[in-house]
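Letter by letter, the sequence shown follows residues 9 to 192 in our numbering. Glycine included, C-beta positions come from ideal geometry on N, C-alpha and C. A quick note: this is a predicted structure, and the numbers were derived from the prediction, not measured. Here's the structure, in C-alpha coordinates; my notes come after.
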Amino acid sequence: MENSGGIQASLSGRYALALFELARDTSQLDSVAESLAALKSALGESAELRSLTTSPVIGRDAATRAVAAVGDVMGLDALTKKFLGVMAQGRRLSQLGAAIRAFEMLLSNHKGESRAEVTSAHPLAKTQVTALEKALKARVGRDVAVDLKVDPTVLGGLVVKIGSQMIDSSIRTRLNSLAQAMKG
(Lines of atoms letter the chains of each structure in order from A and count residues from 1; the text may use other names and numbers.)
(Lines give C-alpha, C1' and ligand atoms only; values in the text may rest on other atoms or scores of the structure.)
Protein backbone atom coordinates (compact mmCIF):
# COMPACT_ATOMS: atom_id res chain seq x y z
CA MET A 1 0.00 0.00 0.00
CA GLU A 2 1.30 3.45 -0.85
CA ASN A 3 1.11 6.02 1.92
CA SER A 4 1.91 9.68 1.81
CA GLY A 5 5.35 10.51 3.11
CA GLY A 6 3.84 13.23 5.30
CA ILE A 7 1.79 10.71 7.24
CA GLN A 8 4.74 8.39 7.76
CA ALA A 9 7.08 11.22 8.75
CA SER A 10 4.99 12.67 11.58
CA LEU A 11 4.91 11.13 15.04
CA SER A 12 1.13 10.83 15.00
CA GLY A 13 1.36 9.37 11.49
CA ARG A 14 3.69 6.61 12.64
CA TYR A 15 1.26 5.68 15.42
CA ALA A 16 -1.64 5.77 12.96
CA LEU A 17 0.24 3.69 10.40
CA ALA A 18 1.09 1.04 13.00
CA LEU A 19 -2.55 0.87 14.12
CA PHE A 20 -3.79 0.80 10.52
CA GLU A 21 -1.47 -2.02 9.48
CA LEU A 22 -2.31 -4.09 12.54
CA ALA A 23 -6.05 -3.53 12.04
CA ARG A 24 -5.77 -4.39 8.35
CA ASP A 25 -3.72 -7.52 8.99
CA THR A 26 -6.19 -8.75 11.62
CA SER A 27 -9.31 -7.76 9.60
CA GLN A 28 -10.40 -5.21 12.20
CA LEU A 29 -10.38 -2.04 10.10
CA ASP A 30 -14.12 -1.43 10.44
CA SER A 31 -14.26 -1.90 14.22
CA VAL A 32 -11.17 0.27 14.78
CA ALA A 33 -12.56 2.95 12.46
CA GLU A 34 -15.85 2.97 14.41
CA SER A 35 -14.01 3.20 17.74
CA LEU A 36 -11.80 6.02 16.52
CA ALA A 37 -14.83 7.91 15.15
CA ALA A 38 -16.50 7.64 18.57
CA LEU A 39 -13.28 8.75 20.24
CA LYS A 40 -12.93 11.70 17.86
CA SER A 41 -16.47 12.77 18.66
CA ALA A 42 -15.84 12.41 22.40
CA LEU A 43 -12.67 14.52 22.13
CA GLY A 44 -14.74 17.25 20.51
CA GLU A 45 -17.47 17.13 23.14
CA SER A 46 -15.66 16.38 26.41
CA ALA A 47 -13.40 18.95 28.02
CA GLU A 48 -12.36 16.30 30.56
CA LEU A 49 -11.18 13.91 27.86
CA ARG A 50 -9.30 16.70 26.08
CA SER A 51 -7.69 17.60 29.39
CA LEU A 52 -6.66 13.98 29.94
CA THR A 53 -5.00 13.82 26.54
CA THR A 54 -3.18 17.13 26.80
CA SER A 55 -2.24 17.50 30.48
CA PRO A 56 1.49 17.10 31.13
CA VAL A 57 0.91 16.58 34.87
CA ILE A 58 -0.89 13.25 34.48
CA GLY A 59 1.65 10.43 34.85
CA ARG A 60 2.00 7.43 32.55
CA ASP A 61 0.29 4.94 34.84
CA ALA A 62 -2.58 7.28 35.71
CA ALA A 63 -3.10 8.13 32.02
CA THR A 64 -2.99 4.44 31.08
CA ARG A 65 -5.62 3.59 33.72
CA ALA A 66 -7.75 6.56 32.67
CA VAL A 67 -7.76 5.71 28.96
CA ALA A 68 -8.51 2.06 29.79
CA ALA A 69 -11.54 3.24 31.78
CA VAL A 70 -12.59 5.57 28.94
CA GLY A 71 -12.26 2.69 26.47
CA ASP A 72 -14.40 0.43 28.65
CA VAL A 73 -17.10 3.07 29.21
CA MET A 74 -17.23 3.94 25.50
CA GLY A 75 -17.21 0.29 24.41
CA LEU A 76 -14.15 0.69 22.20
CA ASP A 77 -12.73 -2.39 20.50
CA ALA A 78 -9.76 -4.16 22.10
CA LEU A 79 -7.22 -3.04 19.49
CA THR A 80 -8.13 0.62 19.92
CA LYS A 81 -7.91 0.26 23.71
CA LYS A 82 -4.42 -1.24 23.35
CA PHE A 83 -3.49 1.61 21.02
CA LEU A 84 -4.62 4.16 23.61
CA GLY A 85 -2.61 2.33 26.27
CA VAL A 86 0.52 2.42 24.12
CA MET A 87 0.05 6.14 23.47
CA ALA A 88 -0.48 6.78 27.19
CA GLN A 89 2.63 4.79 28.14
CA GLY A 90 4.65 6.71 25.57
CA ARG A 91 3.20 10.00 26.87
CA ARG A 92 1.85 10.69 23.38
CA LEU A 93 -1.86 11.20 24.11
CA SER A 94 -1.46 14.82 23.00
CA GLN A 95 -1.03 13.38 19.48
CA LEU A 96 -4.31 11.43 19.61
CA GLY A 97 -6.37 13.83 17.48
CA ALA A 98 -3.70 13.97 14.79
CA ALA A 99 -3.30 10.17 14.91
CA ILE A 100 -7.04 9.72 14.39
CA ARG A 101 -6.99 12.07 11.38
CA ALA A 102 -3.96 10.24 9.93
CA PHE A 103 -5.72 6.89 10.42
CA GLU A 104 -8.79 8.26 8.60
CA MET A 105 -6.59 9.34 5.69
CA LEU A 106 -4.93 5.93 5.52
CA LEU A 107 -8.33 4.21 5.60
CA SER A 108 -9.68 6.48 2.86
CA ASN A 109 -6.65 5.76 0.67
CA HIS A 110 -7.12 2.05 1.33
CA LYS A 111 -10.76 2.30 0.23
CA GLY A 112 -9.88 4.38 -2.83
CA GLU A 113 -11.66 7.49 -1.64
CA SER A 114 -10.63 11.07 -0.99
CA ARG A 115 -11.20 12.97 2.25
CA ALA A 116 -12.72 16.43 2.30
CA GLU A 117 -12.74 18.77 5.27
CA VAL A 118 -15.89 20.88 5.03
CA THR A 119 -16.38 23.91 7.25
CA SER A 120 -19.78 25.60 7.47
CA ALA A 121 -21.33 28.26 9.68
CA HIS A 122 -24.09 25.91 10.81
CA PRO A 123 -24.45 22.10 10.99
CA LEU A 124 -25.42 20.62 7.62
CA ALA A 125 -28.51 18.46 7.20
CA LYS A 126 -28.08 14.85 6.08
CA THR A 127 -29.54 15.68 2.64
CA GLN A 128 -27.06 18.55 2.24
CA VAL A 129 -24.14 16.29 3.15
CA THR A 130 -25.31 13.66 0.64
CA ALA A 131 -25.64 16.28 -2.11
CA LEU A 132 -22.21 17.67 -1.24
CA GLU A 133 -20.65 14.20 -1.39
CA LYS A 134 -22.17 13.64 -4.84
CA ALA A 135 -20.94 17.01 -6.11
CA LEU A 136 -17.43 16.40 -4.75
CA LYS A 137 -17.38 12.91 -6.25
CA ALA A 138 -18.23 14.40 -9.65
CA ARG A 139 -15.42 16.93 -9.23
CA VAL A 140 -12.63 14.59 -8.07
CA GLY A 141 -13.75 11.43 -9.86
CA ARG A 142 -13.86 9.12 -6.83
CA ASP A 143 -15.80 8.66 -3.62
CA VAL A 144 -15.29 11.38 -1.04
CA ALA A 145 -15.52 10.97 2.74
CA VAL A 146 -16.58 14.25 4.32
CA ASP A 147 -15.32 15.53 7.70
CA LEU A 148 -17.70 18.24 8.87
CA LYS A 149 -16.70 21.19 11.03
CA VAL A 150 -18.81 24.08 12.25
CA ASP A 151 -17.23 27.53 12.48
CA PRO A 152 -19.67 30.43 12.98
CA THR A 153 -17.03 32.92 11.77
CA VAL A 154 -17.56 31.57 8.24
CA LEU A 155 -20.93 33.42 8.41
CA GLY A 156 -22.40 31.35 5.55
CA GLY A 157 -21.41 29.21 2.61
CA LEU A 158 -18.73 26.51 2.78
CA VAL A 159 -14.99 26.07 2.89
CA VAL A 160 -13.96 22.72 1.37
CA LYS A 161 -10.44 21.31 1.53
CA ILE A 162 -9.52 18.21 -0.47
CA GLY A 163 -5.84 17.44 -0.23
CA SER A 164 -4.02 20.59 -1.31
CA GLN A 165 -7.09 22.09 -3.01
CA MET A 166 -9.36 24.57 -1.25
CA ILE A 167 -12.74 25.82 -2.40
CA ASP A 168 -13.80 28.83 -0.34
CA SER A 169 -17.35 30.01 -1.00
CA SER A 170 -17.83 31.47 2.47
CA ILE A 171 -19.52 34.79 3.03
CA ARG A 172 -16.57 35.82 5.23
CA THR A 173 -14.21 35.52 2.24
CA ARG A 174 -16.62 37.35 -0.06
CA LEU A 175 -16.92 40.20 2.45
CA ASN A 176 -13.14 40.37 2.84
CA SER A 177 -12.73 40.49 -0.94
CA LEU A 178 -15.33 43.24 -1.20
CA ALA A 179 -13.58 45.22 1.55
CA GLN A 180 -10.24 44.91 -0.28
CA ALA A 181 -11.84 46.03 -3.55
CA MET A 182 -13.39 49.06 -1.83
CA LYS A 183 -10.01 50.07 -0.38
CA GLY A 184 -8.76 50.39 -3.90
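Taking C-alpha positions only, Ala110 is separated from Arg22 by approximately 9 Å. Using a C-beta cut-off of 8 Å, the region 125-133 makes no contact with the region 86-104, since fewer than three inter-stretch Cβ pairs fall below that distance.
At the C-beta level, Leu166 and Ser177 come within 8 Å of one another. Between the beta-carbon of Arg180 and that of Thr161 there is about 6 Å, and that keeps the pair under the 8 Å contact cut.
Taking 8 Å as the upper bound for CB-CB distance, Leu115 and Leu51 are not in contact here, some 18 Å apart. Secondary structure note for Val167: its beta strand (DSSP E) is the uninterrupted segment 166-170. The C-alpha of Phe28 lies about 16 Å from the C-alpha of Leu47. Relative to the Cα of Ser35, the nearest Cα in the group Gln97, Gly67, Asp85 belongs to Asp85. Counting only residues of its own chain and dropping the five nearest sequence neighbours on each side, Leu144 has a CB closer than 6 Å to the CB of Ala124, Val152. Restricting attention to Val94, Gln173, Asp38, the CA atom closest to the CA of Ala26 is found in Val94. Counting only residues of its own chain and dropping the five nearest sequence neighbours on each side, Ala96 has a CB closer than 6 Å to the CB of Ala71, Thr72, Val75. When the Cα atoms are used, Gln136 and Asp33 turn out to be separated by approximately 36 Å. Comparing C-alpha distances from Leu37 to each of Gly149, Ser49, Asn117 shows the shortest one belongs to Asn117. Counting only the Cα atoms, Glu121 lies some 30 Å from Ser54.
The straight-line gap separating the alpha-carbon atoms of Thr138 and Met113 is approximately 20 Å.
Between the alpha carbons of Ser49 and Lys191 lies a gap of roughly 42 Å. Here Glu53 carries a helix assignment [DSSP, helix/strand/coil].
In the structure shown, Asp85 adopts coil according to DSSP, grouped into three states. Per DSSP, Ser20 is one residue of the alpha helix (DSSP H) stretching across 19-33. Taking all protein chains in view, the Cβ of Thr61 is crowded by 16 or more other Cβ atoms within 10 Å, so the residue is classified as buried.
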